[in-house]
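Chemist:
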Amino acid sequence: MSALVEYLISGVAIGCGFALVGSGFVAIFRVTEVINFAQGTFAVVAGFVAYSGLTSAGAPQGVAEALGVLAAGALGLAFGGAAIGRKHTSPLASLVITLGLAVTAYAGEIAIWGDQPISFSGLQGDFVLAGAHLLRQYLLVIGVALLVLLGLGVFFTRTYLGKGMTACASNRFAAEVVGISVRRMGLLSFALGGLLGGFAGVLLIPIQPLSFNSDIDLAISGFAAAIFGGLRSFEMALVGGLVLGVAESLVGGYVQASYETVVALGGMLLLMLWQARRRVELA
Amino acid sequence: MLSATDLVVRLGSVTAVDGVTLSVERGEMVALVGPNGAGKTTLVKALAGLVRPASGTIAVEGRLAYVPEGRHLFYDLSVEDNLSLGAWRGRDRNPKRIYEVLPGLAGLARRRAGTLSGGQQQMVAVGRALMADPEILMVDELSLGLAPIVVSDLADHLASLHQRHGLALLLIEQNARLAFDLCSRAYVLENGHIVASGSSAELERSEQVRRAYLGVGSTPSKVRSREGDSSESARRDGSA
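Chains as they are written, first to last, in the working numbering: chain S, 1 to 283; chain E, 284 to 523.
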């Protein structure tokens, strides 16, 4: 029983991280129709910058992590400039650009932080739930992720800027008609995607050490979470992330750690096929 | 107030608008009629700054707003959000002033735009454009897909805005009867060229215009209650 609780809670925590990465995919896709395959890079860079802030600059943990998140946001803006900065760049061309940027970023990451996995301690200590000893960092990840996603909901439904971005997602031509710059909103969405990826990076790095190529796993899991909601729903990205995180954790705990990603993604695929069939039946 | 001179707009290798010259004066209601594919929407998009002309000049004095063909609302957002986003560049984003001129929208404020009827959506589209507090409004295909009674109601609203607030209007319409009834002056666009222009009354009397746009045997409208005829003579000479 205690093992199950441990797998469930750790799965939910990891799933929240996937949901944050997935929400980054959603934020960018809704406005620009670009699938940003550099989404995992934002998480890795945020984790690495936070690590440098802690170890080299001696900054307090919260400050170092905030710097990491902001750095990811700035990187998102820069990647956005490269991907959609030129007018009439097709979403497919932008996708290839983000893929190229993600691979190119490896060089910088290796030059600055090396090629070995990096981690730092998160929230110290553990707590007991139903006989299971759990890291307090799990609670931090779950709490912060839910707050960030709640804030995202408030941003898109209550703020004028958020509504402007939703307007671009709803009808790009109409947005231009009323004077909204779809390109600027696209850049903003990339910055937002960077921040969301950044939160995932600084929250997950104490649980899962990150290396320069961890972006692939994060991007695949985040993309799977995002695609669960058709790349348009933040709520469904959260659900997708949690399903994936818990499935991974259970497979890793009860079967074998090396199978966890494959089995979890396979399960996700089956779930999406069922979802698609249901949609067809309802239509 | 709004003028285009020798305007040429190309869409790829196709010249959609070819040497068009037109103008709308302050407080004037002008129609642009023509068949499908004449280049009306391309022309109005160029006037709205959404399409870059290949050559020619466009001059706009005052604020201009545009209601695109097919409404193009933000269907996931509420009516109120749709309206407030119309003032994206403005300071006053409170839609209350629109509810005063289009009272039918007040009761729909919380409804999602995607759930409205075609006529209600067209009303929201007009209201959204009015949020920019324009001095000239361009409406592309007001009547598209709407029942005649709904079109008549919308036309009355536009006429009222014109009379009470001095709003200038450029109405792009396939329904020439509606266009001539609502506007004092009109242009006829065919294959990217202005082929006729003049007062609506004069155009209605033109045999060719009546045959092409009002149906053979149509009689000039008896319901005209708008401004008087202009002194400009109707012509159908292939030049603007």
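Beta carbons: idealized from backbone N, C-alpha and C, even for Gly. None of these values were measured; they are calculated from a predicted model.
#1: What span of residues does the beta strand (DSSP E) with S23 (chain S) cover, start to end?
#2: Between the beta-carbon of P60 (chain S) and the beta-carbon of L210 (chain S), is there less than 8 angstroms?
#3: Unbroken alpha helix (DSSP H) runs of length 4 or more, entirely within the segment 207–267 of chain S: which are they?
#4: Measuring CB atoms only, is the segment 220–232 of chain S touching the segment 28–45 of chain S, in the sense that at least three cross pairs come out at less than 8 angstroms?
#5: Using the beta-carbon count (16 or more within 10 Å), is I477 (chain E) buried or exposed?
#6: Which of the three DSSP states, helix, strand or coil, is assigned to F155 (chain S)?
#7: Can you name the start and end residues of the alpha helix (DSSP H) that Y160 (chain S) belongs to?
#8: Helix or strand or just coil, what does DSSP make of L290 (chain E)?
#9: For the alpha helix (DSSP H) holding H448 (chain E), just list the boundary residues, first then last.
#10: Less than 8 angstroms between CB atoms is the rule here; does R293 (chain E) satisfy it with respect to chain S?
#11: Give a yes or no on whether 8 angstroms exceeds the smallest Cβ distance from T159 (chain S) to chain E.
#12: Applying the 10 Å Cβ sphere with the 16-neighbour rule, what's the burial state of F156 (chain S)?
#13: Following the continuous alpha helix (DSSP H) through G339 (chain E), name the residue where it begins and the one where it ends.
#14: Rank E:R493, E:S286, E:V297, E:V316 by C-alpha distance to the C-alpha of L305 (chain E) and give the top, closest one.
#15: Cutting at 7 angstroms between CB atoms, please list the residues of its own chain near A459 (chain E), excluding the five before and the five after it.
#16: Identify each residue in the segment 91–104 of chain S for which the Cβ-Cβ distance to at least one residue of chain E is less than 9 angstroms, and report them in chain order.
#17: Does DSSP put F37 (chain S) in a helix, a strand or coil?
#18: Report yes if the CB atom of A82 (chain S) is closer than 8 angstroms to the CB atom of L101 (chain S), and no otherwise.
#19: Starting from the C-beta of A64 (chain S), find all residues in its chain whose C-beta is less than 7 angstroms away, skip the five residues before and the five after it, and write them out in chain order.
#20: Three Cβ pairs or more, each shorter than 8 angstroms: is that satisfied between the segment 192–199 of chain S and the segment 10–30 of chain S?
#21: L315 (chain E) lies in the beta strand (DSSP E); which residues open and close that run?
#22: Could one say the Cβ of Y333 (chain E) lies closer than 8 angstroms to chain S's Cβ atoms, at least one of them?
#23: Should K163 (chain S) and D364 (chain E) be called a contact, given that it needs their Cβ atoms to be closer than 8 angstroms?
#24: Got a sec: is the Cβ-Cβ distance from D359 (chain E) to anything in chain S below 8 angstroms?
#25: What is the DSSP secondary structure of R509 (chain E), counted as helix, strand or coil?
#26: For E510 (chain E), collect the residues of the same chain with a Cβ closer than 6 angstroms to its Cβ; drop the 5 residues on either side in sequence, then sort them by chain order.
#27: According to DSSP, is Y358 (chain E) part of a helix, a strand, or is it coil?
#28: If I measure Cβ to Cβ from V31 (chain S) and keep anything under 6 angstroms in the same chain, skipping five residues before and after, which residues do I get?
#29: Quick check on this structure: which residue in S:A3, S:L8, S:L4, S:C16 has the alpha carbon closest to the alpha carbon of N226 (chain S)?
#30: To which residues of the same chain is E456 (chain E) closer than 7 angstroms at the C-beta, ignoring the five residues directly before and after it?
#31: Tell me the residue span of the alpha helix (DSSP H) that contains V63 (chain S).
Modeler: Reading from the atomic positions:
#1: It is not in any beta strand (DSSP E) - S23 (chain S) instead sits in the alpha helix (DSSP H) that spans 2–32.
#2: No. Outside cutoff.
#3: Runs found: 214–228, 234–254.
#4: The segment 220–232 of chain S is in contact with the segment 28–45 of chain S.
#5: A residue is called buried when at least 16 other Cβ atoms come within 10 angstroms of its Cβ; I477 (chain E) meets this threshold and is buried.
#6: Here DSSP, grouped into helix, strand and coil, assigns F155 (chain S) to helix.
#7: Where Y160 (chain S) is concerned, the enclosing alpha helix (DSSP H) starts and stops at 160–170.
#8: Note: L290 (chain E) maps to strand in three-state DSSP.
#9: H448 (chain E) -> alpha helix (DSSP H) spans 431–448.
#10: It does not: the Cβ of R293 (chain E) has no partner Cβ on chain S nearer than 8 angstroms.
#11: So, not an interface residue.
#12: With 16 or more other CB atoms across the displayed protein chains lying within 10 angstroms of its CB, F156 (chain S) is buried.
#13: Bounds of any alpha helix (DSSP H) do not take in G339 (chain E); it lies within the beta strand (DSSP E) bounded by 338–343.
#14: L305 (chain E) has its Cα closest to that of E:S286, out of E:R493, E:S286, E:V297, E:V316.
#15: Same-chain partners within the cutoff: V316, Y496, L497.
#16: Flagged: no residues at all.
#17: In the three-state reduction of the DSSP assignment, F37 (chain S) falls in the coil class.
#18: When the beta-carbon positions are compared, A82 (chain S) and L101 (chain S) come within less than 8 angstroms of each other.
#19: Here the set comprises A50, G53, L54.
#20: Because the criterion of three Cβ pairs below 8 angstroms is met, the segment 192–199 of chain S and the segment 10–30 of chain S touch.
#21: Note, L315 (chain E): beta strand (DSSP E), 312–316.
#22: Inspection of the sequence shows that residue 333 (chain E) is occupied by Leu rather than by Tyr. Flagged as an interface residue toward chain S: L333 (chain E), by a C-beta distance shorter than 8 angstroms.
#23: In contact: K163 (chain S) and D364 (chain E) (Cβ atoms closer than 8 angstroms).
#24: Yes, D359 (chain E) counts as interfacial toward chain S.
#25: In this prediction, R509 (chain E) scores a pLDDT of 43, lower than 50, which makes its location untrustworthy; the coordinate-derived value is nonetheless stated afterwards. In the structure shown, R509 (chain E) adopts coil according to DSSP, grouped into three states.
#26: Only weak support is given to the placement of E510 (chain E): the predicted model assigns it a pLDDT of 42, under 50, and the value that follows is read from those uncertain coordinates. Around E510 (chain E), the same chain offers S467 as residues with beta carbons nearer than 6 angstroms, after the five sequence neighbours per side are excluded.
#27: Here Y358 (chain E) sits in coil by DSSP.
#28: Counting only residues of its own chain and dropping the five nearest sequence neighbours on each side, V31 (chain S) has a CB closer than 6 angstroms to the CB of M165, C168, A169, M185, G186, S189.
#29: A small fix is needed here, since residue 226 (chain S) is Ala in this sequence, not Asn. When each option's Cα is compared against that of A226 (chain S), the closest is S:C16.
#30: Cβ-Cβ distances below 7 angstroms link E456 (chain E) to A314, V316, E424, L425, S426, A462 in the same chain, with the five nearest sequence neighbours on each side left out; the list follows chain order.
#31: Segment 61–84, the alpha helix (DSSP H) holding V63 (chain S).
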